[in-house]
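>
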Amino acid sequence: MNAVLKAESLTRVFPSPGGDVVAVRDVDLEVSPGELVVVAGRSGAGKTTLLTMLGGLDRPTSGRVLIDGADLSDPSTDATGLRGSRIASIFQTAGLIPVLSAAENVEVPLRIRRVDPAERDRRVAEALRDVGLEDHAPQRPGELSGGQQQRVGIARALVMQPGILLADEPTAQLDSETGAQIMDLIARLVHERGTAAIVATHDPAMLARADRVLELHDGELRRRSPRRDARRAALQAEHAATLAGPRTQPRQSEEPR
């Protein structure tokens, strides 16, 4: 299957009085529709820098990013339009607008793109249903739990039906159980919608949901070792067994406030 997102020899260097800092070094990467790729690595390894370049929010020092074959650095490419129509992002915190309801927050990108009101209503309802929050549409962020707020953030990211989803530590502010539920949700929606997704995380428990795991170490992207892949396979089996068993009640973090 053809890659919708491709990085070629991607490098980002930040000048510093003490010497240049190489945040990302010579990264090559391809992601196909419906594929969930996890980029693992400790804090400071360069994961966020990599995602901002892949999303077209930062220019690489060298190398290039291609979206559907279009080079984001090419002056002839409408990079802004491409980002708005093809790429969506999820962050550590949902970043919701406090005075807007859950539905209104999800609707924001549709309003920016001037989508027809009837189509907006349909997409918002569908997005909230997909993340299990259709009954919370009128509630404001302050009335939702942390996990529910992050679900609204996911709905907002996916309401534009992007081909590419970039998630930067989407579970970092959540407890382990709620974080696992959020990652399960992302994985399910990515596979159902055929979205190409890259999730950056340093949480080992998140690796079980990935189709492919890469590791960023001192700016260099590497494949996980076979031993680590075996451990991931074991985690995936354990995860599948958990899903097949009786569902447990969510902790307070997923209860409405």
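Read in UniProt numbering, the sequence shown has 249 at position 249, and its numbers run on one by one without any break.
We treat Cβ as the ideally placed atom computed from N, Cα and C, and that holds for glycine.
(1) Of all the options V38, I164 and R151, which has the alpha carbon lying nearest to the alpha carbon of L82?
(2) Rank L36, E35, D71 and V22 by C-alpha distance to the C-alpha of T49 and give the top, closest one.
(3) Taking 8 Å as the cut-off, does the region 104-111 touch the region 38-49 (at least 3 CB pairs, one atom from each stretch)?
(4) Can you name the residues that DSSP bridges to R223?
(5) Alpha carbon to alpha carbon, how far is L166 from T61?
(6) On the DSSP letters alone, give me the boundaries of the alpha helix (DSSP H) that R209 sits inside.
(7) Just grab the DSSP bridge partners of R188 for me.
(8) Around the Cβ of R123, are there at least 16 other Cβ atoms within 10 angstroms (buried) or fewer (exposed)?
(9) Report buried or exposed for F14, applying the criterion of at least 16 other Cβ atoms within 10 angstroms of its Cβ.
(10) Please state whether the Cβ-Cβ distance between E35 and A187 is less than 8 Å.
(11) Given this structure, state the Cα-to-Cα distance separating R227 from R64, to the nearest angstrom.
(12) Taking only the alpha-carbon atoms, compute the straight-line gap between D58 and E169 and give it to the nearest angstrom.
(13) Can you tell me whether V115 is helix, strand or coil according to DSSP?
(14) Could you check the C-alpha separation between L158 and A210 for me, to the nearest Å?
(15) Hey, which unbroken runs of the beta strand (DSSP E) at 3 residues or more fall wholly within the region 114-197?
(16) Here's the rule I'm using: 16 or more other beta-carbon atoms within 10 Å means buried, otherwise exposed. How should H136 be labelled?
(17) Given V27, which residues of its chain have a CB within under 7 Å of its CB, disregarding the five upstream and five downstream residues?
(18) For P204, which of D71, R113, L29 and V39 has the nearest alpha-carbon?
(19) Using only alpha-carbon positions, find the residue among L66, M183 and D68 that is nearest to I90.
From the atom records:
(1) Of the listed residues, the one whose Cα sits closest to L82 is I164.
(2) Of L36, E35, D71 and V22, the smallest CA-CA separation from T49 is found for V22.
(3) The region 38-49 is not in contact with the region 104-111.
(4) Residue pairing of R223 in beta bridges, as defined by DSSP: L214.
(5) Going from the Cα of L166 to the Cα of T61 covers about 21 Å.
(6) Premise fails: R209 is in no alpha helix (DSSP H) and is neither H nor E.
(7) DSSP, once it has assigned bridges, lists no residue as partnering R188.
(8) By the 10 Å Cβ count, R123 comes out buried.
(9) When all chains shown are included, F14 counts as exposed.
(10) Taking 8 Å as the Cβ cut-off, E35 and A187 do not qualify as a contacting pair.
(11) Its pLDDT being 41, under 50, R227 is placed unreliably in this model, and the value from its coordinates should be taken loosely. Whole-angstrom Cα-Cα distance: 32 Å.
(12) D58 and E169 have their C-alpha atoms spaced approximately 18 Å apart.
(13) Assigned with DSSP and collapsed to three states, V115 falls in coil, not helix or strand.
(14) Here the alpha carbon of L158 sits roughly 19 Å from the alpha carbon of A210.
(15) As summarised for the region 114-197, the continuous beta strand (DSSP E) elements at least 3 residues long and confined to that stretch are 164-168, given in chain order.
(16) Under this definition H136 is a buried residue.
(17) Here the set comprises A7, L10, L50 and L221.
(18) With distances taken between Cα atoms, P204 lies closest to V39.
(19) Measuring C-alpha to C-alpha distances from I90 to each of L66, M183 and D68 identifies M183 as the nearest.
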